[in-house]
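The opening position of the sequence shown corresponds to residue 1277 in the numbering used here, with each subsequent residue numbered one higher. Cβ coordinates follow ideal geometry from the N, Cα and C atoms, glycine included. Notes follow once the structure below has been shown.
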Amino acid sequence: MDTDLQSTVAAYVAREQGVGRLPSLTVAVGVGGVLLAEASAGFADIENRVHASGENSYRIGSITKTFTAALTLLLCARGDLDLEAPIGRYLTGTSFGHLPLRMLLSHTSGLQREAPVDMWESMQGPSVTELLDAFDRVETVAAPGQRWHYSNLGYAVIGQIIEHVTGQPCETAIDQMLLAPLELTRTSWGTPRNAVVGYRLDPYADAVHREPVMDQGAVGMGGQLWSTPGDLLRWGHTLCGGEPDIVPPEVINAMHTLQVMVDTRTWKRGWGLGLILEQRADRVLAGHTGAMPGFQSALSIDRDSGTAVVALTNATRGIALNELTTRIAVEAIAARSVPTEPAWEPALPCPDDVRAILGSWWSESDETVLQWRRDGLHACLASNPATSDTRFSVEAPGRFRAVAGRLQGESLILTSSTDGIELRWATYPLTRAPR
């Protein structure tokens, strides 16, 4: 445990639980999959005076979607699904079969928010048959790709697609491909033994009312899961890229890649494939929130530092958990951001053909400086070296490829002529003299 961080988290939990009149609040922070701080306040079961702790299971609501999205991308990676294919390839007989799978994952399909079934009154989700029958009544409320419109229905459709291609329910596929290999043994679709009780706050009195336990049925891949702080920290570690043998980098990269801006006024909040992306301080945090009758949840992660923050409460309303997790994440990152660079040492000898091109080059009045470092050839703009640094790999004699940084993927080509050495980067000519 980190003593200072533990004190900070405990103070946040005590204050927010009281201000929000929450039956309970639990927050946990981890870095690199290691628990650094955890605090709880309040009761998991008010009537029986059971205190909340990090051992309790809470409903995590729409954080479930991050598992569904990861599974979808795993199936894409192994060739069972195609993100760009119309979903009619996998699910026939709907009026929206022309929509690509990518739009369902990013909430840009334009499909209505909820499945057209009596679910939120009855507190019982539809069966598979009822869901499929309801597809005939689905409305499109926005043009595909036009804007972000959150759709639980879209993830229910994804669940049916996964069942079609795997031959088993989406929940079973998530169990087998994610929960079991990641050893998330305390994450489950049904109500676990150590579950907290969900409550609704009375708006006019310091009182609470028990909420019914809802079974989402065939739309459960969008919000059915229960989990613990520890399991969610491990999942956050995975979403930071910490389990590449189970969830490979191509899946993690896709989830973190911006698909659409949600906040079109300040451009600080967008959506990837299954993850919220938010600009906070000097970085972009990813994650998701969740809500079910009697529960709220939030997961915030920072991929660069491997930081994950989880917050869980057993109240339908009363707190903006995402604000809490992002605030704690930013503070935790800042507290641990003291540079620990290795001691400098000389680079390996620079090849003669590379040494000949080191130094300043010019293109469109911009000075580019080529340098040889321990990990190879680098280039940066003299006017802004910190954000323009680019690293190259050698493809062939006289030919380099930008593998990280500015203009990543573009080629740098060296040729010799009677006038001397010539360079072209991304087809732009670079000269030794300013131009």
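Does the Cβ of residue i have 16 or more other Cβ atoms within 10 Å, making it buried, or fewer, making it exposed?
{"i": "W1547", "result": "buried"}
{"i": "R1579", "result": "buried"}
{"i": "W1396", "result": "exposed"}
{"i": "Q1444", "result": "exposed"}
{"i": "E1459", "result": "exposed"}
{"i": "Q1452", "result": "exposed"}
{"i": "V1417", "result": "exposed"}
{"i": "R1462", "result": "buried"}
{"i": "N1598", "result": "buried"}
{"i": "G1355", "result": "exposed"}
{"i": "N1324", "result": "exposed"}
For residue i, which option in the options has the closest C-alpha, if you only look at C-alpha atoms?
{"i": "S1316", "options": "S1692, N1332, T1514", "result": "N1332"}
{"i": "T1442", "options": "A1432, V1417, T1348", "result": "T1348"}
{"i": "A1286", "options": "G1318, V1307, E1415", "result": "G1318"}
{"i": "A1562", "options": "N1590, M1568, I1528", "result": "I1528"}
{"i": "A1313", "options": "S1382, L1501, Q1452, P1505", "result": "P1505"}
{"i": "M1537", "options": "G1296, G1373, A1483, R1423", "result": "R1423"}
{"i": "A1605", "options": "V1295, R1631, E1554, L1351", "result": "E1554"}
{"i": "Q1500", "options": "R1667, T1340, E1439", "result": "T1340"}
{"i": "H1564", "options": "A1658, A1481, Y1704, Y1426", "result": "Y1426"}
{"i": "W1638", "options": "D1629, C1656, R1631, A1623", "result": "C1656"}
{"i": "S1712", "options": "V1305, P1661, A1619, A1530", "result": "The question about residue 1712 has no answer, for the chain in this structure spans 1277 to 1711."}
{"i": "N1428", "options": "R1541, L1350, G1550, A1483", "result": "G1550"}
{"i": "A1410", "options": "S1398, R1378, V1433", "result": "V1433"}
{"i": "P1362", "options": "F1372, L1454, P1376", "result": "P1376"}
Can you name the start and end residues of the beta strand (DSSP E) that residue i belongs to?
{"i": "T1583", "result": "1583-1589"}
{"i": "G1563", "result": "1559-1568"}
{"i": "E1415", "result": "First-last for E1415: undefined, no H or E at that position."}
In whole angstroms, give me the CA-to-CA distance for residue i and residue j.
{"i": "S1464", "j": "T1370", "result": "31 Å"}
{"i": "A1584", "j": "L1509", "result": "6 Å"}
{"i": "L1387", "j": "I1336", "result": "23 Å"}
{"i": "Q1400", "j": "D1491", "result": "5 Å"}
{"i": "L1311", "j": "V1289", "result": "17 Å"}
{"i": "T1691", "j": "E1698", "result": "5 Å"}
{"i": "T1467", "j": "G1474", "result": "12 Å"}
{"i": "D1482", "j": "V1295", "result": "12 Å"}
{"i": "E1621", "j": "A1456", "result": "44 Å"}
Would you kindly report the start and end of the unbroken alpha helix (DSSP H) that includes residue i?
{"i": "Q1436", "result": "1428-1442"}
{"i": "R1247", "result": "With the chain covering only 1277 through 1711, there is no way to say anything about residue 1247."}
{"i": "F1343", "result": "1340-1353"}
{"i": "T1542", "result": "Premise fails: T1542 is in no alpha helix (DSSP H) and is neither H nor E."}
Using a C-beta cutoff of 7 Å, does residue i count as contacting chain B?
{"i": "V1630", "result": "Absent here is chain B; the protein component of the structure consists of one chain."}
Can you list the alpha helix (DSSP H) stretches of 4 or more residues lying completely in the stretch 1623-1703, in chain order? 1628-1631, 1661-1664
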